[in-house]
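Chains as they are written, first to last, in my numbering: chain A, 1477 to 1705; chain B, 151 to 408; chain C, 33 to 582.
This is the structure we're talking about:
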């Protein structure tokens, strides 16, 4: 904004407020138009970048460009630059708490696990890697009866494009999968194939279950095959 | 807030109306305030607090978006391809332009230029209507293709009667599982945004009326300023909605199915 | 504060006699319904919140009555679910969240600032009517089958159960906007309407507490709004966001819900703590020890309360990693509360304490808040929470902080400011007896519940094993004692309105700024614009005239 004009009351005969100013900064046509052109440029940029395949970076770039546009709008159109600093603080506070909301919710969602109640091992849904917080139960448990247990585990093992099974949601997912024979196994949280679990590291036991996972949308019988290895 | 001394602004287009006074307060200065500056600052802080809550209001939806896009990336990409990027981009530019005219409306009002303020507000309202009209056509296309939220996904429907369209084909069956999650979020988020646009139009019309009545001057333009702040927020939300819905991992039509 | 009589702008002209109280300046029901006076709005809120308090309290009495014996006592299980849900929803959304800020806060805040009104009086009235509209939806839900989900509305039960869920949720959604707008109003008022000389470092701690509460109201409540909106859409349109059949996540609902509801519990406790500051200062005639520590801890509580929500979800199936993070953060949030208790205790050390009825409530607060706060730590630790979650231990914990602390502080504040609000005194001797009845009744209800919970009695259960019967009966009898105390307290206030002695300007000899105004105050609160020259607890600087009863 090159042109700073101030609102000023010319009518000094209007009582004690004649000389009062509202302290507002008046922007210039050129300044506002320049910001607008900047916004349009960023819009075209983001449209263009979207055509280039950067994989996961596409999302990051899009959000960064959107944030730059948002900053332009806030700083110039919304006058944050010239305002009381408290207004900016309000915006920063809101953004911070939104960030906390995102970070901690995604923290949960990304690390949702499958729990093997027999062994206490927890593995991540997506990769099968050992989850933070997991532990190896030193007391070995009895192998659960029937392959139904392990097939319920595999069918509950979510791949990326399927319903994430939380221990709460798992039963519902399995109901949807209509595996009546697995009904007794459902009350235990989806169990990773207990057979392989104990002597090997947890990640190991996850592997057979997860290699079965992509097949899970097919009948559970498919995934039962590799599990009891 | 910087406090630089004033130089008289001689660019008034028209003579400011003589304000009605109540005791020693002009009509627009409420009785519990001592000075116009105090009232103006208070209104701005209040509006920013309100905008803060609007941001938090939409944030929940963005978090839901983040969660479901993480889980169903492929479905989200497929859903995004079904949206009309051209219309989305035009809508973005329309809203950005309306933000410009809103800022210019505030500027004109700060300078006491009543007719310029009127023009700017009218253009802002026109842009808002344009946005809604384009949105209408976009939604209509989705309805006709059965790309609807949740359990309605897959059946092409007429938008106004909501009845299924017999014989129409929906691409839903060719789309990945869980694409309905994309459309659920699309309709809820853009729908809620559109509701905010409609509210914004209502408020602008009221401000326009007040402006034509001569309520505003270079000493009192607060309502125009806070309305513009609200309008910029509406624009801000769309600035984020646009890339998140329209620009996901775009694969040009000829290269799909690889 | 020397109420210097310089009156800079000649205020008071054109508004009638500044010596006429706000109660007499206009009469008739319409003058109340369209009032812009923060004091009248505060009273309308007070009447409304007390009405809902009594209603939800009766629901609680019914719950406790049902639990007097195992099996059916007075109602069937579905009704029981509806009764406790109603108790929770009405108590949380229609009573405790608005109570202190919107009733006492509305009345006292501008007066403590030396201001004539809040920043946005019309918005204030609108907030009240929005609250009433929300309440109407809740009542509508009540008479149309009510809700049996618990006040937390967890999915997928809430999206699939029958009952008037949408109406109830709409009520909470609308009432939330009342909360948001009140928060906006108070923040701006504290920033822009402080009297000359009232610097931030002289701000009464009550106002710091209300300020922190307002931040939470503004920034947290909208997340509740979007949560409830999504719940309504899920129920009405089956959009599938929380439905596992459609790839949705029910635990996500819990994240959304608790992201608001955890800061909400701080919206409930911070005003209670705010009142206790004032009570302790006045009834010991001392500065609160560590003024800066106390106000910083209020702001810290507001900030940290956003970081801990998923400690309500340790057994929901969220990731263990999230559990660990939230447990650690929850220990952090206990620290500012501890700072406050330390400072209050320090203020009381070797003080000359006037155990007037308001102070009794403040002292009970200290005792009960310690219990409530410390038992929260058991729940913050995952190892113990796994056993205590969804048991009566949790019920006892939150009732100790919400009722034992906040409601006691609310009662204390009500007693404290009653002479200012009404211009009448209540019977102090009876008030003290009533306090003891309430104190004994309250602790009889809830102390045994810690034991019940730690021995395994689950919450929200209609029936229970015989081994829990005795403690349930103790708790129920306690509820009757508490009810007697509560109703008698209300009766004592009604008697005061009808035939109470006229209150002096400053019956508690307080140095607080609000006591400079007459009891009851005129429309614009002060006869002359106050000018502040000392802190609110500077008893050594206050003149005899200011502290005198007058």
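For glycine and all other residues, C-beta sits at the position ideal for the given N, C-alpha and C. Keep in mind it's a predicted model, so treat the numbers as computed, not measured.
I'd like to know if residue 1635 (chain A) contacts chain B, where contact means its C-beta is closer than 8 Å to some C-beta of that chain. In this prediction, residue 1635 (chain A) has a pLDDT of 37, which is less than 50 and means its spatial position is unreliable; what the coordinates show is noted afterwards. Residue 1635 (chain A) does not count as touching chain B.
Using the beta-carbon of each residue, which ones in chain C are nearer than 7 Å to residue 387 (chain B)? Those within 7 Å of residue 387 (chain B) in chain C number zero; the least Cβ separation is about 13 Å.
Cα-Cα separation between residue 183 (chain B) and residue 548 (chain C), rounded to whole angstroms: 21 Å
Proximity test, Cβ basis, 8 Å: residue 1500 (chain A) and chain C: no
Looking only at DSSP bridge pairs, what is residue 307 (chain B) linked to? Residue 307 (chain B) has B:314 as its beta-bridge partners, per DSSP.
Just to confirm before moving on: does the CB-CB distance between residue 100 (chain C) and residue 377 (chain C) stay below 8 Å? Taking 8 Å as the Cβ cut-off, residue 100 (chain C) and residue 377 (chain C) do not qualify as a contacting pair.
Using a threshold of 8 Å, state whether the C-beta atoms of residue 334 (chain B) and residue 272 (chain C) are closer than that. Their beta carbons are under 8 Å apart, which means residue 334 (chain B) touches residue 272 (chain C) by this criterion.
Taking the C-alpha atoms as reference points, what is the distance between residue 438 (chain C) and residue 307 (chain C)? Between the C-alpha atoms of residue 438 (chain C) and residue 307 (chain C) there is a straight-line separation of about 9 Å.
Would you say residue 253 (chain C) lies against chain B (beta-carbon separation less than 8 Å)? yes
Reducing DSSP to helix, strand and coil, say where residue 1598 (chain A) ends up. DSSP places residue 1598 (chain A) within a strand segment (E or B) once states are collapsed to three.
Check whether the stretch 1530–1542 of chain A and the stretch 297–311 of chain C touch, using three or more Cβ-Cβ pairs below 8 Å as the test. no
Who are the neighbours of residue 273 (chain C) on chain B, taking C-beta pairs under 7 Å? 214, 334
Opposing strand residues paired with residue 1606 (chain A) [DSSP bridges]: A:1599
At the level of alpha carbons, what is the spacing between residue 1558 (chain A) and residue 363 (chain C)? Residue 1558 (chain A) and residue 363 (chain C): Cα-Cα distance of roughly 40 Å.
Please report whether the beta-carbon of residue 1556 (chain A) lies at a distance below 8 Å from any beta-carbon of chain C. no
For residue 62 (chain C), count neighbouring C-beta atoms within 10 Å of its own C-beta (all shown protein chains included) and say buried if the count is 16 or more, exposed if not. exposed
Neighbour flag for residue 353 (chain C) against chain A, beta carbons, 8 Å: yes
Just how far apart, CA to CA, sit residue 383 (chain C) and residue 382 (chain B)? 55 Å
Do residue 207 (chain B) and residue 258 (chain C) have their beta-carbon atoms positioned less than 8 Å apart in this structure? Contact flag set, yes.
Could I get the ranges of all uninterrupted alpha helix (DSSP H) runs contained in the stretch 131–184 of chain C, with 4 residues as the minimum, in chain order? 138–145, 153–175
Report the three-state DSSP secondary structure of residue 490 (chain C) (helix, strand or coil). Strand, per DSSP.
Among C:394, C:401, C:356, C:353, which has the Cα closest to the Cα of residue 370 (chain C)? C:401
Suppose the cutoff is 6 Å on Cβ atoms and the five residues either side in sequence are ignored; what does the same chain contact list for residue 132 (chain C) look like? Cβ within range, chain order: 303, 442.
Residue 166 (chain C): which of C:56, C:210, C:579 sits nearest, CA to CA? C:210
Sort C:193, C:201, C:192, C:169 by Cα distance to residue 183 (chain C) and report the nearest one. Comparing Cα-Cα distances from residue 183 (chain C) to each of C:193, C:201, C:192, C:169, the minimum goes to C:201.
For residue 249 (chain C) and residue 203 (chain C), which I take to be in contact (beta-carbon distance under 8 Å), what is that distance rounded to the nearest angstrom? Rounded, the Cβ-Cβ distance is 17 Å, inconsistent with contact.
State the Cα-Cα distance for the pair residue 1535 (chain A) and residue 428 (chain C), rounded to the nearest angstrom. 46 Å
So what does residue 186 (chain C) bridge to, in DSSP terms? Answer is none; residue 186 (chain C) lacks a bridge partner.
Residue 246 (chain C): first and last residue of the uninterrupted alpha helix (DSSP H) it sits in: 237–269
Inter-residue spacing [alpha-carbon to alpha-carbon] between residue 337 (chain B) and residue 419 (chain C): 42 Å
Limits of the alpha helix (DSSP H) - the one that residue 375 (chain B) falls within: Counting along the chain, residue 375 (chain B) sits inside the alpha helix (DSSP H) bounded by residues 372–396.
Would the beta-carbon of residue 1501 (chain A) be found less than 7 Å away from any heavy atom of the ligand ATP? For the structure depicted, the ligand ATP is absent and the ligand set is empty, with no information on it obtainable.
At 7 Å on the CB atoms, spell out the chain C contacts of residue 1577 (chain A), in chain order. 291
Length of the line joining the Cα atoms of residue 60 (chain C) and residue 518 (chain C): 30 Å
In the structure shown, what three-state DSSP assignment does residue 193 (chain C) receive? coil
Tell me which residues share the same chain as residue 407 (chain C) and place their Cβ nearer than 8 Å to its Cβ, disregarding the 5 neighbours each side in the sequence. 425, 428, 429, 432, 482
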